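Chemist: Would you mind keeping the following structure in view while I ask a few things?
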Amino acid sequence: MNIGIVCYPTFGGSGVVATELAKGLAQRNHKIHILSYARPARLDTFQTNISYHEVNINSYPLFEYPPYDLALANQMANMIEFEGIDVLHVHYAIPHATSAFLAKQILGERAADIPIITTLHGTDITLVGSDASYKSVVDFSINQSDGVTAVSEYLKEETYKRFDIQKDIEVIPNFIDLDRFKKSNKSHFKKAICPNGEKIVVHVSNFREVKRVPEVISVFDQILKNDIKAKLLLVGDGPDRQRAERRCRELNMCDEVRFLGKQENVEEILSIADLFLIPSGSETFGLAALEAMSCSVPVISSNIGGLPEVNIHGETGYLCDLDDIECMARHAVDILKDEEHHEELSKNARKQAERFEMSNIVTRYEEYYKKIKSGL
Ligand code: GMT
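This is the structure in structure tokens:
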């Protein structure tokens, strides 16, 4: 098939899932056309069967806000027509599903049998999408899509609760490349960071408020106070970076915390991790947790959103109520102090990650494309 994939290019989950899906489909000889406003972070090397199209938005003095959605729709219409697209798969409802609807309207009969598939990822529903300024447009655009998928059961239910959706939503979860995300020997790296055999606690996110990075630091502070020698590696960057730095200064433990910024090869850092913390206030799936688990790292997360579908309490790690620092710290200390228990959780974490193995999920998307296309 000739498949158009539209996504945000950022390190955030939806862009990562879209790009990894593009790579998986390209390996199966589909021709993939990625459309975005910049080259996606995970599209870092040349890939046979993938072409990248950049959305051009020219500025004009009248436009205080350049109309990205229109430029996107225009380019989608061109792509469908001139590249012979069979399926257009957009990731994140806003504005991608809306622009896709417009592109299809522009082409009329010429695009009647080209399905628009929208994958809902999370904040497009739970935060941004539910905002009154966008809600009606999101409602409309989801209902106009020919196929709709969500990355977890939680997100599916939440979408039905928050919007007036008449479509069936198919749950196709996030996935993981088990060969890339596996524990590998990085002992030289571990020694450089922890010369005295300290434990390594890791958090990876885009440091938005919803990720609760200062809370990660508070949990880590409790770990140190329980006489565990440890280092905290914070991977990523974003708006809460300064608040996080302030929290570690207030707690007087900045020497034990390393801010590593955005990293391409997260699997190398996860390979030396003993524990992964993800205390998010909202998380429709938690791809970062899955990446950690695939590298055999136990996870302590909040008990919200789609996280319980990924992290299994008492098996692959622990889940605590939102903002319950004491609970997260207690479990963290137990895990880090008990090697046997740590070993068991690590094994289970990897096993659970295997349920989300990439090629199975890529097959599910392929089948879904065929099903929706044959219904048009
Ligand atoms: O979590 C983010 O800030 C990025 C966000 C996105 O929309 O790109 O991630 C969402 O989609 C990911 C991929 O499907 C999910 O794994 C994340 O849980 C979800 N984030 C939130 O719900 C906050």
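With the UniProt record's numbering as the guide, the letters of the sequence shown map in order to residues 1 to 376.
Even glycine gets a Cβ: it sits at the ideal position worked out from N, Cα and C.
In this text the structure is predicted, and so the values were computed from the model without any measurement.
1. Leaving out five residues before and five after GLN222 in sequence, what residues of the same chain have Cβ atoms less than 6 Å from its Cβ?
2. Going straight from the alpha carbon of THR48 to that of THR126, what length do you get?
3. What is the rounded straight-line gap between the Cα of MET79 and the Cα of ALA18?
4. On a Cα-Cα basis, can you pick out the residue from ARG110, PRO279, ALA73, GLU81 that is closest to ILE94?
5. Excluding sequence positions up to five away, which residues of its chain have a Cβ less than 7 Å from the Cβ of ALA150?
6. By the DSSP assignment, the alpha helix (DSSP H) with GLU154 in it spans what residues?
7. Determine contact between the stretch 101 to 119 and the stretch 253 to 263, defined as no fewer than three beta-carbon pairs at a distance below 8 Å.
8. How many whole angstroms separate the CB atoms of GLY306 and GLY286, which I take to be in contact at a CB cut-off of 8 Å?
9. DSSP on THR98, reduced to helix/strand/coil?
10. What residues match up with VAL202 in a beta bridge as DSSP calls it?
11. CB ILE372 to CB ASP139, shorter than 9 Å?
12. Answer yes or no: the CB of SER130 versus the heavy atoms of the ligand GMT, is any distance below 8 Å?
13. Go through its chain and collect everything with a Cβ distance to VAL16's Cβ below 7 Å, but skip five positions before and after it.
14. Where does TYR65 land, buried or exposed, given buried means 16+ other C-beta within 10 angstroms?
15. GLY4 and HIS89 - do their beta-carbons sit closer together than 9 Å?
16. How many angstroms separate the CA atom of ALA112 from the CA atom of GLY375?
17. Compute the minimum distance between the beta carbon of ALA71 and the heavy atoms of the ligand GMT, and state whether it is under 8 Å.
18. Measuring from the CB of ARG208, is there a heavy atom of the ligand GMT at a distance below 8 Å?
19. Nearer than 8 Å: is that true of the beta carbon of LYS211 relative to any heavy atom of the ligand GMT?
20. Under 8 Å: do the stretch 32 to 42 and the stretch 50 to 61 share three or more Cβ pairs, one atom per stretch?
21. For GLY122 and ARG208, what's the separation of their Cα atoms in angstroms?
22. Using the rule of at least 16 other Cβ atoms within 10 Å of the residue's Cβ for burial, across every protein chain shown, is GLN242 buried or exposed?
23. Is VAL235 near VAL266, with beta carbons less than 9 Å apart?
Modeler: Quick answer:
1. ALA329
2. 36 Å
3. 17 Å
4. ALA73
5. LEU120, LYS156, THR159, ILE169, VAL171
6. Residue identity check: residue 154 is Tyr in the sequence provided, not Glu. 153 to 162 is the extent of the alpha helix (DSSP H) around TYR154.
7. no
8. 6 Å
9. helix
10. LEU233, PHE276
11. no
12. no
13. ARG42, LEU287
14. exposed
15. yes
16. 11 Å
17. no
18. yes
19. yes
20. yes
21. 14 Å
22. exposed
23. yes
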